[in-house]
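See below for the structure under consideration.
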Amino acid sequence: MRIMVTGGAGYIGSHTVVELAEAGHEVVVVDNLCNGSHEAVRRVKRIVGKPVQFVECDIRDRQGLDAVFNQHTIDAVIHFAGLKAVGESVGKPLAYYDNNVNGTLVLCEAMAAAGVYRIIFSSSATVYGSEAPVPYLESMHRGTTSNPYGTSKAMVEKVLEDLAAADERWSVALLRYFNPIGAHPSGLIGEDPQGVPNNLMPFIAQVAVGRRDELTIFGNDYPTKDGTCERDYLHVVDLAVGHLKALKALEVPGVSVYNLGTGQGVSVLEMVNSFTRVTGVEVPYRFGGRRPGDLPAFWADASKAERELGWTTEKNLDDMMADTWRWQSANPQGYAE
Ligand code: NAD
Ligand code: WQD
């Protein structure tokens with residue numbers, strides 16, 4: 000298939016482009032590089048040893064998208080492009096709704112005009128909201144989201160559901176990611192956040208490589224196994240493979256929803272200890288207060304993806320740690336080297 004990957008110069012997108020290209024698909028990356036990098040695309044080409052088309056374009060630029068659809072016969076779109084910093088979204092709600100929601104509307108209009116009706120959307124476990132019991136199951140309703148980022152994901156899910164209800168040519172896969180971490184085993188591509196990392200794994204990696212002094216663990220008084228929060232971390236390469244499998248779900252019209260996670264909760268302390276055990280590198284940390292909005296613990300019931308797509312995670316926590324460290328130690332400043 001020929002697949003347009005929006006946001007393909009970013010973290011999850013670049014890893015997915017590798018898996019797509021290695022499976023024989025042709026890929027056209029569309030990215031405005033607001034958080035992605037040219038260098039990531041160059042390195043993807045190095046890993047796969049074949050060309051990958053790249054178009055620098057904002058998904059809100061309808062003319063730009065039309066030009067891409069005119070130039071390439073696209074079979075399906077995998078839609079990663081969006082802003083993803085939860086804290087920033089609280090201060091800049093309009094930027095988040097514009098980029099994530101309006102951007103998706105423009106993309107879908109351009110797709111329909113080009114006769115392309117298959118889309119995989121990067122959704123998030125955050126759409127289950129703060130009240131859902133664990134493990135999260137796709138059959139549960141979307142809950143109340145607590146920040147504009149999460150709300151933008153829930154809104155886009157609803158938009159795509161309404162679109163599929165209105166026109167049966169659409170097929171939509173909503174993939175709800177849990178906590179992707181790790182890097183390609185080559186060490187050539189990985190997560191490269193701008194500024195201070197918001198997320199745990201890149202923060203640990205930057206402390207380990209000497210870019211930051213210590214990790215602050217946000218809270219050790221939660222009702223969990225060791226008092227720190229638990230999350231469902233999955234290897235980004237497994238997540239990327241999930242997209243390949245989800246292309247199958249697009250063969251039938253309508254909407255399908257899949258959790259992509261391991262089904263296991265891992266605590267912040269377990270993450271730090273596991274990093275040190277696997278890499279031999281100490282990560283100095285101290286306990287700080289709780290981060291507003293954090294939930295104590297959640298993880299996926301990922302059995303639907305296994306049943307219907309034949310997808311299950313293959314890499315374990317040690318792989319996630321080893322691969323994160325291979326990437327970070329070889330690229331201490333990320334792609335800016
Ligand atoms: P990322 O920031 O590394 O990648 C997003 C890419 O989209 C970047 O390359 C950026 O330049 C591009 N982009 C943003 N706005 C754009 C626009 N208007 N037009 C064109 N390109 C644009 O983030 P990621 O971690 O790879 O996440 C990819 C997707 O998965 C996002 O939609 C994110 O919300 C979602 N998601 C991520 C996580 C996570 O923990 N990383 C979890 C759940 C869902
Ligand atoms: C994991 C755990 C923190 C940093 C967020 C978004 C979610 C999403 C993925 C997109 C928590 C703790 C973190 C630090 C810490 N993606 N932590 N010190 O919060 O589960 O999810 O990213 O859709 O929507 O909310 O992931 O990596 O930020 O945090 O102690 O410096 O690590 O408190 O318990 P989270 P995270």
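Here numbering that gives the first Met the number 0 is used: the first residue of the sequence shown is 0, the next is one more, and so on. Each residue gets a CB set at the ideal place from its N, CA and C atoms; glycine is no exception. Values in this document were obtained by computation on a predicted structure and should not be read as measured data.
Identify the continuous beta strand (DSSP E) that holds Q193 and give its terminal residues.
Run containing Q193: none; DSSP gives neither H nor E here.
Is it the case that the region 43-60 contacts the region 186-197, given that we only count it when at least three CB pairs across the two stretches are under 8 Å?
yes
Go through the residues and name those whose CB comes closer than 5 Å to any heavy atom of ligand 2, in chain order.
V85, S123, T125, N198, L199, F202, I216, F217, C228, R230, V267, R290, D293
According to DSSP, is Y176 part of a helix, a strand, or is it coil?
strand
Count the other CB atoms, across all protein chains shown, that sit within 10 Å of the CB of E18; report buried if there are 16 or more and exposed otherwise.
buried
Distance check for V105 and Y116, CA to CA, integer angstroms please.
14 Å
Enumerate in chain order the residues of its own chain whose CB-to-CB distance from R42 is below 6 Å, with the five nearest sequence positions on each side excluded.
L187, I188
Is N98 near ligand 1 - that is, is its Cβ less than 7 Å away from at least one heavy atom of it?
yes
Going by C-alpha to C-alpha distance, which of A304, V28, D74 sits closest to S170?
D74
Three-state class that DSSP yields for L233 in the structure shown
strand
Using a threshold of 7 Å, is the CB atom of R361 nearer than that to any non-hydrogen atom of ligand 1?
Any property of residue 361 remains undetermined from this structure, which presents the chain solely from 0 to 336.
By the three-class DSSP mapping on this structure, what secondary structure does S36 have?
coil
Identify every residue that forms a DSSP beta bridge with V347.
Nothing can be reported for residue 347, as the shown portion of the chain is limited to 0 through 336.
beta-carbon C33 near ligand 1 non-hydrogen atom, thresh 7 Å:
yes
Which residues mark the beginning and the end of the beta strand (DSSP E) in which S13 is found?
Counting along the chain, S13 falls outside any beta strand (DSSP E), though it belongs to the alpha helix (DSSP H) covering 10-21.
Say the cut is 7 Å; is the CB of D30 nearer than that to a heavy atom of ligand 1?
yes
Regarding S121 and ligand 1, is the C-beta to nearest heavy atom distance less than 7 Å?
yes
Three-state secondary structure (DSSP) of L106:
helix
Run through DSSP, which three-state label would S151 get?
helix
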